[in-house]
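This report concerns only the one structure given below.
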Amino acid sequence: MAPLSEEARARRSHATYGYEAGARGRRGEAETPSGGEAEVLSEPATVLAPAGTAERTVTFDLGVTTVRALNSELHAPTATSYEVLRPQGAHAIAAGVHAPLTIDVRGHAGYYCAGMNDGGLITVQGNVGTGVAENMMSGVVRVRGDASQSAGATAHGGLLVIEGSASMRCGISMKGVDIVVGGDIGPMSAFMAQAGRLVVCGDAGDGLGDSIYEARIYVRGTVAGLGADCVEKDLRAEHRAELAELLTAAGIDPVGEYAPERFRRYGSARRLYHFAAGNSAAY
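Just so you know, the sequence shown maps onto residues 9 to 291 in the numbering used here.
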């Protein structure tokens, strides 16, 4: 991913765009059939660290302890920062976090890493398996490598950054999350995506946005094929502005090859909102 300029670093540190630890949910917007904007998520509310939480870092070595022990600690934390060593592809690492914790996973993780995250700032220094950040509510999940299928599935809020590429069904049934992928995404991504934004800095596989509702998709590269009821839309000034914010929040400087005008926007044609027998072949 492109490095941040000094100006971009300043913008990012100033706002963090509502994803910071302690911000639960965020205000999202979706286009209405009339062309206006409709609020789809609630205002952020503060998520406080549990009483008695110490400003210190605790290290868990999964070569000698269990994921159950790690997650039990994260669900009733005694510290604000955690480091996970030798994850060795274990499943459900840092699942169910509901406090503004900083968690650094030093290696590859398996299925459902950071699932149901609600306020945590979770970084994986490697690849992740199926369902990273599944059903996330708020916070930030960053994957330094690649992600398997169904990344960010059903997630309601927060920011998921995948610095590498993501496999099929990225953002399936997303409900308000923002997902930024530095590489490519596989087929059937954003399937039935209801709200939120998906930004792809590389290429997108076939069936993009199939049966999409009101999520917005931005792709810089080529799209192998659009799914049912997904169409290309105009990239207006407000979309370029929000795209620049999303890229900056993800750590990508929105200039040069990553300038917003190099992206194309996709969304719902709204032809499948109501069942019609004549459209049965499109479902």
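Glycine included, every Cβ here is placed at the ideal spot set by N, Cα and C.
This structure is a prediction, so every number in the text was calculated from the model and none was measured.
Boundaries of the alpha helix (DSSP H) around R248: A245 to A258.
Bridge pairing for V239: G275 [DSSP]. Boundaries of the beta strand (DSSP E) harbouring S89: A87 to L93, taken from the DSSP string. According to DSSP, residue pairing for Y226 in a beta bridge involves V207 and R273. For the set A100, G210 and D186, the Cα lying nearest the Cα of E253 is the one of D186. Take the alpha-carbon of A107 and the one of A203: they are about 24 Å apart.
When secondary structure is reduced to three states using DSSP, S146 falls in the strand class. Counting only residues of its own chain and dropping the five nearest sequence neighbours on each side, M176 has a CB closer than 6 Å to the CB of Q157, G194, P195 and M196. Per DSSP, the unbroken beta strand (DSSP E) holding A62 starts and ends at A62 to D69. Looking only at R272, F271 and Y221, the smallest Cα-Cα distance to Y281 is reached by Y221.
Here R228 is actually not in contact with R205; their C-beta atoms are around 14 Å apart, not less than 8 Å.
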